[in-house]
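The numbering used here applies: residue 172 is where the sequence shown begins, and numbers increase by one. Glycine residues also receive a C-beta, built at the ideal position from the N, C-alpha and C atoms. Scroll down for the structure; my scribbles are underneath it.
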Amino acid sequence: MDVNATGKTLKYFRKKANLTQKDVAKSMSKSQQWVSDTENGVSALLWGDIKRLCLLYGVSPSEIESKEKEYL
Numbered sequence: 172m173d174v175n176a177t178g179k180t181l182k183y184f185r186k187k188a189n190l191t192q193k194d195v196a197k198s199m200s201k202s203q204q205w206v207s208d209t210e211n212g213v214s215a216l217l218w219g220d221i222k223r224l225c226l227l228y229g230v231s232p233s234e235i236e237s238k239e240k241e242y243l
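Quick look at the structure:
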């Protein structure tokens, strides 16, 4: 997993779901900085966090993986 590609992918799906970083942070019980860091490739995500983001964004892990390939 490339953290930069993953971050860009998650940002794409967050915007597609019409959510702000603040919205995501609140739903995930994380800080807005955590959301920013993950979207900017500063930090990697745990699998559990990815699954929770998929539920929040209404996408499957395979959709994340497919879109991620566009950023590699």
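| According to the Cβ coordinates, are V206 and V195 closer than 9 Å? | yes
| query | In angstroms, rounded to a whole number, what distance separates the CA positions of D220 and L181? | reply | 11 Å
| request: Can you grab the Cα-Cα spacing for the pair L190 / T177, in whole Å? | output: 17 Å
| field | Terminal residues of the alpha helix (DSSP H) in which E241 lies | value | No alpha helix (DSSP H) holds E241; DSSP gives it neither H nor E.
| field | CB-CB length for Q204 against K193, believed under 8 Å | value | Contact flag wrong, Cβ pair sits at about 11 Å.
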